[in-house]
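J.: Take 1 as the starting number for the sequence shown in the working numbering and just add one per residue.
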Amino acid sequence: MRQKYLARGTAVLAVVLVGGSLTPAAMAGPPTADSAPAPLRTNGAAVPALEWTPCGDSAPGYECATAEVPLSYRDPAGQQTPIAVGKLPAVDQEHKLGTIFYNPGGPGTSGRFAPELTPELHQRFDIVGFDPRGIGESAGLSCFTEPGDGFGQMDSFPVTPEQERVAIEDTTRKVEQCAQNAGPLLRHTSTANVARDLDLLREAVGEDRLDYYGISYGSHLGTVYANLFPERVGAVTIDAVADPIEWTTGYRPEEAAEPQGFRMGSFGGAQQALQTFLDACAGDERCAFREPGTDLLGKYNALLDRLLAQPVTITRPDGTSMEVTYQTAVIRTWRALNSASASATLADFLQQLHELSQPGAAAGPAPKVAAQSASQGGTVGEEQMLSVMCNDSSNPTDPRAWSDYARRADEVGRGFGSFWTYISLACANWPGGPDPDRYTGPWDRETASPVLVIGNRQGDPATPYDDARKTSELLSDGRLLTLDAPGHGARGESACIDGALNAYFSEGALPAEGTVCQPDRGPFDPVP
Numbered sequence: 001m002r003q004k005y006l007a008r009g010t011a012v013l014a015v016v017l018v019g020g021s022l023t024p025a026a027m028a029g030p031p032t033a034d035s036a037p038a039p040l041r042t043n044g045a046a047v048p049a050l051e052w053t054p055c056g057d058s059a060p061g062y063e064c065a066t067a068e069v070p071l072s073y074r075d076p077a078g079q080q081t082p083i084a085v086g087k088l089p090a091v092d093q094e095h096k097l098g099t100i101f102y103n104p105g106g107p108g109t110s111g112r113f114a115p116e117l118t119p120e121l122h123q124r125f126d127i128v129g130f131d132p133r134g135i136g137e138s139a140g141l142s143c144f145t146e147p148g149d150g151f152g153q154m155d156s157f158p159v160t161p162e163q164e165r166v167a168i169e170d171t172t173r174k175v176e177q178c179a180q181n182a183g184p185l186l187r188h189t190s191t192a193n194v195a196r197d198l199d200l201l202r203e204a205v206g207e208d209r210l211d212y213y214g215i216s217y218g219s220h221l222g223t224v225y226a227n228l229f230p231e232r233v234g235a236v237t238i239d240a241v242a243d244p245i246e247w248t249t250g251y252r253p254e255e256a257a258e259p260q261g262f263r264m265g266s267f268g269g270a271q272q273a274l275q276t277f278l279d280a281c282a283g284d285e286r287c288a289f290r291e292p293g294t295d296l297l298g299k300y301n302a303l304l305d306r307l308l309a310q311p312v313t314i315t316r317p318d319g320t321s322m323e324v325t326y327q328t329a330v331i332r333t334w335r336a337l338n339s340a341s342a343s344a345t346l347a348d349f350l351q352q353l354h355e356l357s358q359p360g361a362a363a364g365p366a367p368k369v370a371a372q373s374a375s376q377g378g379t380v381g382e383e384q385m386l387s388v389m390c391n392d393s394s395n396p397t398d399p400r401a402w403s404d405y406a407r408r409a410d411e412v413g414r415g416f417g418s419f420w421t422y423i424s425l426a427c428a429n430w431p432g433g434p435d436p437d438r439y440t441g442p443w444d445r446e447t448a449s450p451v452l453v454i455g456n457r458q459g460d461p462a463t464p465y466d467d468a469r470k471t472s473e474l475l476s477d478g479r480l481l482t483l484d485a486p487g488h489g490a491r492g493e494s495a496c497i498d499g500a501l502n503a504y505f506s507e508g509a510l511p512a513e514g515t516v517c518q519p520d521r522g523p524f525d526p527v528p
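1) Ile135 and Gln384 look like a contact to me (Cβ under 8 angstroms); what is the Cβ gap, rounded to whole Å?
2) With DSSP as the reference, label Thr23 as helix, strand or coil.
3) Just mark Ser375 as buried or exposed, buried being the case when its beta carbon has 16 or more other beta carbons within 10 Å.
4) By Cβ distance, which residues of its chain are closer than 7 angstroms to Thr81, with the 5 residues on each side in sequence left out?
5) Taking DSSP as the reference, what is the three-state secondary structure of Pro230?
6) Taking one C-beta from the region 248 to 264 and one from the region 479 to 488 each time, how about it: are there three or more such pairs within less than 8 angstroms?
7) Helix or strand or just coil, what does DSSP make of Ile168?
8) Reducing DSSP to helix, strand and coil, say where Glu383 ends up.
9) Please list the terminal residues of the continuous beta strand (DSSP E) segment that includes Pro70.
10) Nearest to Ser390 by CA position, among Cys178, Phe505, Arg335, is which residue?
11) Provide the residue(s) that pair with Asp239 in DSSP beta bridges, ordered along the chain.
12) Run through DSSP, which three-state label would Glu323 get?
13) Does the region 209 to 222 touch the region 411 to 424, meaning 3 or more C-beta pairs lie closer than 8 angstroms?
14) Per DSSP, what kind of secondary structure is Pro511 in: helix, strand or coil?
15) Please classify Tyr422: does DSSP put it in a helix, a strand, or coil?
16) Taking the straight line between their C-alpha atoms, what separation do you get for Ala309 and Lys299?
17) For Ser476, collect the residues of the same chain with a Cβ closer than 7 angstroms to its Cβ; drop the 5 residues on either side in sequence, then sort them by chain order.
18) Which residue's Cα is closest to the Cα of Glu176: Phe151, Val330, Ser190, Gln163?
19) Per DSSP, which one or two residues make a beta bridge with Ile313?
20) Check this for me: beta carbons of Tyr62 and Leu40, under 7 angstroms apart or not?
21) Our contact map puts Glu382 next to Gly111 with C-beta atoms below 8 angstroms; I'd like the distance itself, whole angstroms only.
22) Specify the secondary structure class of Pro76 as computed by DSSP and reduced to three states.
23) Is Leu480 near Ala500, with beta carbons less than 7 angstroms apart?
24) Which of the three DSSP states, helix, strand or coil, is assigned to Gly360?
25) Take the Cβ of Gln163 as the centre, count every other Cβ of all protein chains shown within 10 Å, and call the residue buried at 16 or more, exposed below.
26) Quick one: grab the DSSP three-state call for Asp404.
27) Sorted by chain position, which residues of the same chain lie with C-beta nearer than 6 angstroms to Ala256's C-beta, five sequence neighbours on each side aside?
28) From the DSSP secondary-structure annotation, give me the bridge partner or partners of Lys87.
29) Could you tell me how far apart the beta carbons of Gly78 and Tyr102 are, in whole angstroms, since I believe they sit closer than 8 angstroms?
30) Would Thr99 and Glu231 qualify as a contact pair, given that the criterion is a beta-carbon distance under 7 angstroms?
31) Output the distance between the C-alpha atoms of Ser156 and Pro244, rounded to the nearest integer angstrom.
32) Return the Cβ separation of Asn502 and Leu483 in integer angstroms, given the expectation that the two are a contact with Cβ distance under 8 angstroms.
33) Check this for me: beta carbons of Ala406 and Ser418, under 7 angstroms apart or not?
34) Would you grab the beta carbon distance between Val453 and Val241 for me? Rounded to a whole angstrom, and I think it's under 8 angstroms.
35) Could you check what DSSP says for Gly98 in three-state terms: helix, strand or coil?
36) Roughly how far, in whole angstroms, is the beta-carbon of Ser494 from the beta-carbon of Pro523, given that I think they are within contact range, below 8 angstroms?
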């Protein structure tokens with residue numbers, strides 16, 4: 001067995017396995033481990049038995065199982081809910097080092113079929129993913145009875161007062177549908193409950209400690225786990241990191257009355273990522289949006305001005321037409337900014353819109369744009385996403401409050417501010433939210449091993465780099481690793497980053513403090 005866990009001596013926190021819950025009210029600054037009551041853990045819940053079978057043609061090479069876990073850990077022997085689990089077995093089973101659990105982010109994204117992480121890790125580790133409770137095949141939560149109905153927060157956002165009024169009325173009606181149709185699971189999808197499920201899964205596969213890689217929202221799951229089960233922390237790595245205090249309550253009491261999407265400040269990271277893209281574009285002849293002697297941010301804003309006044313008509317390959325609005329352009333730009341490798345496609349998209357939006361321009365072909373998701377893990381289910389966010393976080397109870405915060409956020413990141421702020425609009429009147437068993441701190445419980453924290457410092461459009469820095473300082477023992485590039489997530493973007501992951505999971509070896517890795521490719525270099 002590998003000697004990867006760093007010694008902590010007698011200082012490791014002994015956490016008592018008792019029930020309890022933290023007060024959900026926001027506190028003035030993060031609570032400390034010494035002052036906090038013991039949180040609710042798995043409360044004696046039975047460890048599920050996993051019966052692995054091949055997943056079939058849809059996922060060749062993977063093995064699947066279903067775990068039954070408590071709907072509420074306050075009643076561990078009561079109603080159960082299923083968790084769909086998938087395993088990518090280690091190539092070298094004879095010399096296997098252990099199991100790495102994986103979450104792709106979202107929230108609301110299926111994570112059952114985990115990637116190999118790196119070729120080296122796939123060789124020596126089983127990699128286990130799962131659909132968190134209420135998501136995907138884990139009794140996927142559903143609010144709507146009509147096909148195609150949904151909240152639409154990831155597709156548009158209001159700009160005018162009339163659009164705001166319609167958005168509030170429409171969202172309120174859809175939340176009422178959730179209350180009617182989603183069932184009891186709606187109130188039990190907080191990240192803390194997912195972390196409790198994860199601890200049962202860890203025990204179910206026979207691991208004494210949790211090895212874990214989580215990106216984006218998956219970083220919050222890792223942070224919550226590390227503080228609910230600190231003595232069970234093995235090699236836990238969080239990438240594209242969400243600040244856990246901003247995600248839940250805010251640092252000051254008054255911040256609990258801010259929309260979560262505003263409090264997180266993602267719009268600032270998106271604006272930084274946009275500026276990084278434009279700066280790279282200005283110096284690279286391969287960038288279609290480049291225009292020598294032109295302020296490219298001014299060119300971008302002028303494009304948004306024209307789209308705000310008049311949408312552009314485009315023609316799809318099948319001959320049908322559609323409008324590209326201001327909101328469409330902002331959201332598709334944001335999606336492309338999640339990956340630096342999408343820079344050339346984003347430049348093509350913006351240049352095509354620039355030309356099509358000129359006075360007198362005829363309808364043109366549909367612009368190309370990368371459809372990179374924020375989580376890098378696939379399609380996000382909106383009601384599933386909202387059920388996690390609203391169960392985790394404090395928000396205003398008056399939906400009319402979102403308008404002012406959206407305008408303030410737009411002053412930092414035009415369009416990105418409204419997009420991010422309005423994502424959490426449904427939380428104003430979410431049924432039963434937030435979850436009384438959510439976890440709101442402390443965030444400094446002493447862990448059995450350090451947590452590796454990774455961030456992109458040139459602009460992360462979903463989780464700003466400052467979140468990674470602050471989280472590494474909040475944790476009792478966090479080590480910050482930096483990628484000097486834009487984008488959402490560092491794994492696979494740099495041999496330096498992937499090498500650090502290999503060393504940490506395989507040997508428990510951390511990168512030196514202050515390590516900054518360089519990306520393998522420039523933004524306009526071809527992707528292998």
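Glycine included, every Cβ here is placed at the ideal spot set by N, Cα and C.
T.: The short version:
1) Within the sequence shown, numbered from 1, the residue matching residue 135 stands at position 135. Within the sequence shown, numbered from 1, the residue matching residue 384 stands at position 384. So it is a contact: roughly 5 angstroms between Cβ atoms.
2) Position 23 of the sequence shown holds residue 23. Confidence at Thr23 is low in this model, with a pLDDT of 33, below 50, so the placement of that residue is unreliable and no value is reported for it.
3) Here residue 375 refers to the residue found at position 375 of the sequence shown. With a pLDDT of only 41 at Ser375, under the threshold of 50, the placement of this residue in the model should not be trusted; the figure read from the coordinates follows. That one is buried.
4) The residue you call residue 81 lines up with position 81 of the sequence shown. Cβ neighbours of Thr81 beyond the five flanking positions: Val69, Leu71, Arg133, Ala139, Leu185.
5) In the sequence shown, the residue the question calls residue 230 occupies position 230. Residue state, collapsed to three classes: helix.
6) Contact fails between the region 248 to 264 and the region 479 to 488, because fewer than three Cβ pairs, one in each stretch, are under 8 angstroms apart.
7) As a first step, residue 168 must be located in the sequence shown, where it is residue number 168. Ile168 falls in the helix class under three-state DSSP.
8) The residue given as residue 383 occupies position 383 in the sequence shown. Helix, per DSSP.
9) Here residue 70 is taken as the residue at index 70 of the sequence shown, counted from 1. Run containing Pro70: 63 to 70, per the beta strand (DSSP E) assignment.
10) Numbered from 1 along the sequence shown, position 390 holds the residue referred to as residue 390. Strictly speaking, residue 390 in this sequence is Cys, with Ser absent from that position. The candidate whose alpha carbon is nearest that of Cys390 is Cys178.
11) Reading the sequence shown from its first residue, position 239 is the one you call residue 239. Ile215, Ile454.
12) In the sequence shown, residue 323 corresponds to position 323, counting from 1. DSSP places Glu323 in strand when its eight states are reduced to three.
13) no
14) Stepping through the sequence shown from its first residue, residue 511 is reached at position 511. If DSSP states are grouped into helix, strand and coil, Pro511 belongs with coil.
15) Taking the sequence shown and counting its residues from 1, the one referred to as residue 422 is at position 422. Three-state result, Tyr422: helix.
16) Your numbering for residue 309 matches position 309 in the sequence shown. Your numbering for residue 299 matches position 299 in the sequence shown. Using only the alpha carbons, I get a separation of about 16 angstroms.
17) If you number the sequence shown from 1, residue 476 lands on position 476. Asp444, Arg445, Glu446, Thr447, listed in sequence order.
18) For the purposes of this step, residue 176 is taken as residue 176 along the sequence shown, with counting starting at 1. Of the listed residues, the one whose Cα sits closest to Glu176 is Phe151.
19) Taking the sequence shown and counting its residues from 1, the one referred to as residue 313 is at position 313. Per the sequence presented here, residue 313 reads as Thr, with Ile not at that position. Partner(s): Glu323.
20) Here residue 62 refers to the residue found at position 62 of the sequence shown. Here residue 40 refers to the residue found at position 40 of the sequence shown. No, the pair does not count as a contact, with Cβ atoms beyond the cut-off.
21) Within the sequence shown, the letter at position 382 stands for residue 382. Within the sequence shown, the letter at position 111 stands for residue 111. No, Glu382 and Gly111 are not in contact; Cβ-Cβ is about 17 angstroms, not under 8 angstroms.
22) Within the sequence shown, the letter at position 76 stands for residue 76. Of the three classes helix, strand and coil, the one that applies to Pro76 here is coil, per DSSP.
23) Reading the sequence shown from its first residue, position 480 is the one you call residue 480. Reading the sequence shown from its first residue, position 500 is the one you call residue 500. No.
24) As a first step, residue 360 is located in the sequence shown; it is residue number 360 there, counting from the start. Looking at Gly360 - three-state DSSP - the assignment turns out to be coil, as it is neither helix nor strand.
25) Locating residue 163 in the sequence shown gives position 163, where the first residue counts as 1. So Gln163 ends up on the exposed side.
26) In the sequence shown, counting from the first residue as 1, residue 404 sits at position 404. Of the three classes helix, strand and coil, the one that applies to Asp404 here is helix, per DSSP.
27) By one-based count along the sequence shown, residue 256 stands at place 256. Closer than 6 angstroms at Cβ, skipping near neighbours: Ala26, Thr249, Gly250, Ser394.
28) To locate residue 87, count along the sequence shown from 1; it is residue 87. Answer is Glu63, Val128.
29) As a first step, residue 78 is located in the sequence shown; it is residue number 78 there, counting from the start. As a first step, residue 102 is located in the sequence shown; it is residue number 102 there, counting from the start. With 8 angstroms as the limit, Gly78 and Tyr102 do not qualify as a contact, their Cβ atoms being about 29 angstroms apart.
30) Translated into positions along the sequence shown, residue 99 becomes position 99. Translated into positions along the sequence shown, residue 231 becomes position 231. Their beta carbons are not under 7 angstroms apart, which means Thr99 does not touch Glu231 by this criterion.
31) Stepping through the sequence shown from its first residue, residue 156 is reached at position 156. Stepping through the sequence shown from its first residue, residue 244 is reached at position 244. Going from the Cα of Ser156 to the Cα of Pro244 covers about 26 angstroms.
32) Numbered from 1 along the sequence shown, position 502 holds the residue referred to as residue 502. Numbered from 1 along the sequence shown, position 483 holds the residue referred to as residue 483. Not really, about 16 angstroms apart at Cβ, beyond 8 angstroms.
33) Stepping through the sequence shown from its first residue, residue 406 is reached at position 406. Stepping through the sequence shown from its first residue, residue 418 is reached at position 418. Against a cut-off of 7 angstroms, the Cβ pair of Ser418 and Ala406 comes out as a contact.
34) If you number the sequence shown from 1, residue 453 lands on position 453. If you number the sequence shown from 1, residue 241 lands on position 241. With a Cβ gap of about 6 angstroms, Val453 and Val241 count as contacting.
35) Reading the sequence shown from its first residue, position 98 is the one you call residue 98. Reduced to three states, the DSSP call for Gly98 is strand.
36) The residue labelled residue 494 in the question sits at position 494 within the sequence shown. The residue labelled residue 523 in the question sits at position 523 within the sequence shown. Taking 8 angstroms as the upper bound for CB-CB distance, Ser494 and Pro523 are not in contact here, some 13 angstroms apart.
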